[in-house]
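Numbering (the working numbering), first residue to last: 1019 to 1381.
Think of the CB as a built atom: it goes at the ideal place given N, C-alpha and C, for glycine as much as any other residue.
These numbers come from a predicted model, not from an experiment.
In what follows, a single structure is set out as structure tokens and then discussed.
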Amino acid sequence: MICEEEVKRWLNIFQKSSEESESSERDRRALDSLDDLVSFLNQLKEFIEKKGHPRAVLHEIPSVGKLLGMLAQNYIMQCSEEAVKIVFHCIMSLASAGNAADSATRKTISWAQSQIRHMVSPSPMCPSSVLLIGQYIGNTATETTQIMIEKVVDSICYDLMKHDGTKWSTPANDVVPSLKHQGLTLWTLSEMCVPLVSKPVVKPLVESLLVAGNATTDLICSSSDYQMVDCLSPRFLSSVTELTRQKAINFTIKGFGVKHTLSYQSLTNLWRRYQPSFENQIFDLVEAVVLRYPDASNNDVKIVIETIYLARACRDYEELFLVAIQIVYSFGRSSPQNTRLTLLLNLLKESIARSSVAVEIAQ
């Protein structure tokens, strides 16, 4: 039966073994108890999985983190591959990136994530530690690498999104999370993400950076005459923009070729922060409606305007609405005889369904 007393008993056995490693007698007793330890760890694994959340686990066995951390570094316990496998399973179960209201749970999650980082870090003695851990839990090298990447991404996202309330952001003109991040931290992270933005596994990190960027002070750059520059790397913003473009709009197929690479909130964070990304969205729509599919029906065009989040974003954020109308109207003035541009402008206004005051301002 899993209880705090039993956890402390095993903590006492292996803690003394670690602290008094010169005592061969204590080492021998710890070694002889490995089979019993494996049995206990199996019960502990089932207990953690059944509880489903670190808070519930800590409520009944507060010392579980201390025990698992000590076992993960105990050389006697490492003599049993099965024991190592189960300890790793338990730590993985505790490394949930879910929301934690109390400090004890947050510390447990943070500790578990640090243990995972430590266990997957190569060392001179074990340069392929990630693959060895994968063998312990019965996964292939590819599966293990995928799991580790996902856990590292979850861990970084968890750290990025920790906040102590909300605050008003003048640039965003909205209430945003109060995050304790320096602009340089986000700039470095976003720059590191540039080669990976197209990988699905990195999507949570891309979205977290876009959210955190709204709540972080921009940088003062010495190379730009000490002007304020974006705390997110320009290369990152440009790469994400390219990823979210709707170049494949096709009015002849089901779904119209629309892709959703980011959530609505992340996409609007990008559009409001980096105007070229929003302009490209309009350009892609104009190209599809006016040039490539001039026979597309009005209803299909309105569906696409809604599906690519354009109408919703313009309803929610007036600055985006004004930019969208201005771009389409500019095209119309340069090609006054193009009825498709006029039609698109009218359909855009109709889809957005703004108030009459906002429409008059745009005109």
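query, result
"Taking the CB atoms as reference points, tell me whether residue 1230 and residue 1178 lie closer together than 7 Å.", "yes"
"Return the CA-CA distance between residue 1310 and residue 1171, expressed in angstroms with no decimal places.", "39 Å"
"Determine contact between the segment 1291–1307 and the segment 1259–1278, defined as no fewer than three beta-carbon pairs at a distance below 8 Å.", "yes"
"Using CA atoms only, rank isn't needed, just tell me which of 1273, 1259, 1317, 1318 is closest to residue 1295.", "1259"
"Could you tell me which uninterrupted alpha helix (DSSP H) segments, each at least 4 residues in length, are contained entirely in the segment 1030–1095, listed from first to last along the chain?", "1042–1050, 1052–1069, 1072–1078, 1082–1090"
"Ends of the alpha helix (DSSP H) at residue 1323?", "1316–1325"
"Can the beta-carbon of residue 1361 be found less than 7 Å from the beta-carbon of residue 1350?", "no"
"Kindly provide the ranges of any alpha helix (DSSP H) runs that are 4 or more residues long and lie completely inside the segment 1238–1302, ordered along the chain.", "1252–1262, 1282–1291"
"Cα separation between residue 1088 and residue 1228?", "37 Å"
"Determine whether the beta carbon atoms of residue 1340 and residue 1331 lie at a separation below 7 Å.", "no"
"Go ahead and label residue 1027 buried or exposed: buried means 16 or more other beta carbons lie within 10 angstroms of its beta carbon, across all protein chains shown.", "exposed"
"Given a cut-off of 7 Å, decide if residue 1263 and residue 1401 are closer than it, judged by their beta-carbon atoms.", "Residue 1401 is absent from the structure shown; the chain starts at 1019 and stops at 1381."
"I need the DSSP call for residue 1334, collapsed to helix, strand or coil.", "helix"
"Does DSSP classify residue 1019 as helix, strand or coil?", "coil"
"Can you round the beta-carbon distance between residue 1025 and residue 1085 to whole angstroms, since I take them to be within the 8 Å contact cut?", "5 Å"
"Using CA coordinates, which residue listed in 1327, 1274, 1070, 1207 is at the minimum distance from residue 1315?", "1274"
"Out of 1107, 1029, 1124, point me to the one whose CA is closest to residue 1092's CA.", "1029"
"Please name the residue in 1047, 1105, 1090, 1072 whose C-alpha comes closest to that of residue 1058.", "1105"
"What residue from 1232, 1261, 1048, 1347 has the CA that sits closest to residue 1212's CA?", "1261"
"Can the beta-carbon of residue 1205 be found closer than 7 Å to that of residue 1251?", "yes"
"Just the C-alpha distance for residue 1082 and residue 1110, rounded to the nearest angstrom, thanks.", "13 Å"
"When we look at the beta-carbon of residue 1352 and count the other beta-carbons within 10 Å, is it buried (16 or more) or exposed?", "exposed"
"May I have the straight-line CA-CA distance separating residue 1174 from residue 1370, to the nearest angstrom?", "37 Å"
"Quick one: what's got a C-beta closer than 7 Å to residue 1276's C-beta in the same chain, skipping five residues either side?", "1264, 1267, 1322, 1325, 1326"
"So the alpha helix (DSSP H) residue 1367 belongs to, where does it begin and stop?", "1357–1370"
"According to the neighbour-count rule (16 or more other Cβ atoms, all chains shown, within 10 Å of its Cβ), is residue 1068 buried or exposed?", "exposed"
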